[in-house]
Amino acid sequence: MDSRPTKLDYYADMRSLVSESTVVSFLKGGDDGRSALILESTIFHPQGGGQPADTGFITVGDGEAKFAVEDVRSRDGIVYHYGHVENLVGDGVVEFETGKAVHLHVDESRRKLNSRLHSAGHLLDMCMKNVGLGLEPGKGYHFPDGPFVEYKGVIPPSEISNKQKELETEANALISKGGKVSIAVLPYDEALEQCGGFLPDYIPKVRSSYTTTIATAAFCSDIFLHC
């Protein structure tokens, strides 16, 4: 199997829901019955960062074969699109052969929900800071079945009820005010400055950083390597 990393087109255009790519490998169904498609590039965002994967479908040719994408994972830089083949024609031979051009279609409602839930987690981070709770965020779970963010530290029991009300008030105020979401690829030092002097340890100083800034404050919600 080709070990080249998958080109992540969603970094270039996070709003793109349709694109084209080329098949690298097609791995037929395993014990769970799901197959996997590996492409040269993808707009499907894999599960990660506490956020579920995109879903949708991939077609080949004029639609004679359709691959329903049910899950997306990234391992060692390679993105695996998991699912099953639909709409087979002729003798039922799978048409997802290496080198074939394919069309990618991301489920828009799923993408928007994932984005809103993830953004809500970072909105909570802003609110925690604004109400005086300078606790370091830990695990974030941005799935629709019960999203949450864990923080490292202790809030005195006597303050919990009041802080909950303050957080709700602050969140509603920020939502009502609205805020601009911007995306940029920046040199390390500039990204460091815009993110308040902090970047995660996994960002090497020799790489550029891909940052997402929410609202008018210099608040960095997501930081990725941009190679």
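The opening residue of the sequence shown carries number 988 in our numbering; numbering runs sequentially from there.
The beta-carbon is built from N, C-alpha and C at its ideal position, and this holds for glycine as well.
Note that the coordinates shown come from a computational prediction; the quantities given were computed from them, not determined experimentally.
- Taken in chain order, the whole beta strand (DSSP E) runs of length 3 or more contained in the stretch 1072-1129 are 1088-1093 and 1123-1128.
- In the three-state DSSP reduction, aspartate 996 falls in the helix class (H, G or I).
- Threonine 1042 and valine 1005 have their C-alpha atoms roughly 12 Å apart.
- Annotation for aspartate 1176: the continuous alpha helix (DSSP H) segment containing it runs 1175-1181.
- When C-beta atoms of the stretch 1105-1121 are compared with those of the stretch 1159-1169, three or more pairs fall below 8 Å, so the two segments count as touching.
- A contact between stretches requires three or more CB pairs, one per stretch, nearer than 8 Å, and the stretch 1115-1135 fails this requirement with the stretch 1083-1093.
- 8 Å or more divides the Cβ of threonine 1009 from the Cβ of valine 1118.
- In the structure shown, the three-state DSSP call for lysine 1152 is helix.
- Around the beta carbon of proline 1039, 16 or more other beta carbons sit within 10 angstroms, so the residue counts as buried.
- CA-CA distance, valine 1056 to arginine 1098, rounds to 13 Å.
- Looking from the CA of isoleucine 1142, the closest CA among Glu1155, Ser1003, Tyr1128 and Met1115 belongs to Met1115.
- For the pair valine 1011 and leucine 1026, the CB atoms are nearer than the 8 Å cut-off.
- Short of 8 Å from the beta carbon of asparagine 1101, and not among the five residues preceding or following it, lie these beta carbons of its own chain, in chain order: His1032, Gln1038, Pro1039, Asp1041 and His1129.
- For the pair leucine 1120 and lysine 1150, the CB atoms are nearer than the 8 Å cut-off.
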